[in-house]
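Counting with the numbering used here, you get residues 230 to 417 for the letters of the sequence shown. Shown next, in structure tokens, is the structure this report addresses.
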Amino acid sequence: MTRISRCSWLDLTKEDYVQYHDREWGVPVYDDYILFEFIVLELNQAGLNWYTILKRRASFKAAYANYDLKKIAQYNHLDIENLMKNSEIIRHKKKIEAVINNAKCFLQVQQNYKSFSHFLWSFVDFQPIKITSCEEDIELMKSISNKFHLGLKELGFLFMGPIICEAYLKACGVFNAHDMNCFRYNEV
């Protein structure tokens with residue numbers, strides 16, 4: 230039986246992590262609903278292990294009204310208090326406030342740019358970029374991530390610094406950052 234090569238960072242003992250890697254991570258996303266979900270997940274990852282967030286994915290979805298942007302944008306201090314009591318998500322007040330703020334900003338981007346997807350993909354001329362381990366590719370990825378971060382910051386987004394933006398762009402497939410020997414590298 231032939232063993233499939235996957236990214237070196239992947240913990241192969243966690244089946245749900247393997248499924249996420251094989252089916253979602255690095256696959257180009259154009260759906261605003263999923264793009265907002267990834268914003269919620271990525272900003273909550275700050276300072277934490279990705280698997281900690283992945284295990285709570287369904288809980289985030291439930292806590293944030295099935296990612297209904299209009300509902301989240303209306304959350305108030307009572308909603309924040311309730312979220313702070315929810316042990317199924319990351320109970321970090323600044324991150325919770327950032328999700329609410331970012332829902333409002335996301336809605337504004339949708340009004341001003343056709344869709345968030347259009348805004349996002351415009352940073353790479355609407356084409357995913359394959360990243361190799363060469364220094365030029367790494368610098369290009371960092372440059373685009375920083376421009377995306379600055380664009381979000383200008384629009385009022387919170388908790389979306391350059392490192393979080395880079396992780397976000399990888400997760401959403403803007404960058405194909407699979408290891409070059411990973412079976413997914415040439416499939417996406």
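Beta carbons are placed, not taken as given, at the ideal position from N, Cα and C, and that holds for glycine. Predicted, not measured: the structure shown is a model, and the values here were computed from it.
1. Sort out for me which residues DSSP pairs Lys284 with in a bridge.
2. Quick one: using the 10 Å Cβ neighbour count with 16 as the cut-off for buried, is Lys324 buried or exposed?
3. Based on the DSSP secondary-structure assignment, which residues constitute the bridge partners of Lys359?
4. Please classify Ala291 as buried or exposed, where buried requires at least 16 other C-beta atoms within 10 Å of its C-beta.
5. Hey, out of Gln248, His347, Ile373, whose CA is closest to Ile358's CA?
6. Here's a check: name, in chain order, each residue in its chain whose Cβ is nearer than 8 Å to the Cβ of Gln274, leaving out the five neighbours to either side.
7. Keeping to the same chain, check which residues put their C-beta closer than 8 Å to that of Val417; ignore five residues upstream and five downstream.
8. Out of Leu369, Thr361, Asn375, state which residue places its alpha-carbon closest to the alpha-carbon of Asn415.
9. Please classify Ser346 as buried or exposed, where buried requires at least 16 neighbouring CB atoms within 10 angstroms.
10. With distances taken from CA atoms, which of Glu244, Leu349, Ile329 is nearest Asp260?
11. Taking all protein chains shown into account, do 16 or more other C-beta atoms lie within 10 angstroms of the C-beta of Met389, making it buried, or fewer, making it exposed?
12. Assign Ala275 to one of three DSSP states: helix, strand, or coil.
13. Measuring only the C-alpha atoms, how far is Asn410 from Arg235?
14. Could you give the distance in angstroms between the alpha-carbon of Tyr262 and the alpha-carbon of Ile233?
15. In angstroms, rounded to a whole number, what distance separates the CA positions of Ala327 and Ser237?
16. Mark Ala332 as exposed unless 16 or more other C-beta atoms lie within 10 angstroms of its C-beta, in which case mark it buried.
Per the coordinate set shown:
1. Counted from its first residue, the sequence shown places residue 284 at position 55. Looking at the DSSP output, Lys284 sits in no beta bridge, so it has no partner there.
2. Residue 324 sits at position 95 when you count from the first residue of the sequence shown. Buried.
3. Taking the sequence shown and counting its residues from 1, the one referred to as residue 359 is at position 130. Asn405, per the DSSP bridge assignment.
4. Along the sequence shown, read from residue 1 onward, the residue named residue 291 stands at position 62. Exposed: under 16 other Cβ atoms inside 10 Å.
5. For the purposes of this step, residue 358 is taken as the residue at position 129 of the sequence shown. Of the listed residues, the one whose Cα sits closest to Ile358 is Ile373.
6. For this step, residue 274 is matched to residue 45 along the sequence shown. By the criterion of a C-beta distance shorter than 8 Å, Gln274 is surrounded in its chain by Thr281, Ile282, Ile393, Ala396, once the five residues flanking it on both sides are discounted.
7. In the sequence shown, counting from the first residue as 1, residue 417 sits at position 188. Within the same chain, Val417 has close Cβ partners Gly255, Val256, Pro257, Pro357, Gly402, Asn405, His407.
8. The residue labelled residue 415 in the question sits at position 186 within the sequence shown. Answer by Cα proximity: Thr361.
9. For the purposes of this step, residue 346 is taken as residue 117 along the sequence shown, with counting starting at 1. Under this definition Ser346 is a buried residue.
10. Here residue 260 refers to the residue found at position 31 of the sequence shown. Of Glu244, Leu349, Ile329, the residue nearest in Cα terms is Leu349.
11. Numbered from its first residue, the sequence shown carries residue 389 at position 160. Counting Cβ neighbours within 10 Å, Met389 comes out buried, since at least 16 surround it.
12. By 1-based counting over the sequence shown, the position of residue 275 is 46. Note: Ala275 maps to coil in three-state DSSP.
13. For the purposes of this step, residue 410 is taken as the residue at position 181 of the sequence shown. For the purposes of this step, residue 235 is taken as the residue at position 6 of the sequence shown. Per the coordinates, the alpha-carbon of Asn410 lies some 7 Å from the alpha-carbon of Arg235.
14. Within the sequence shown, the letter at position 33 stands for residue 262. Within the sequence shown, the letter at position 4 stands for residue 233. The straight-line gap from Cα to Cα measures roughly 31 Å.
15. Against the sequence shown, residue 327 aligns to sequence position 98. Against the sequence shown, residue 237 aligns to sequence position 8. Whole-angstrom Cα-Cα distance: 31 Å.
16. In the sequence shown, counting from the first residue as 1, residue 332 sits at position 103. Buried, since its Cβ has 16 or more Cβ neighbours within 10 Å.
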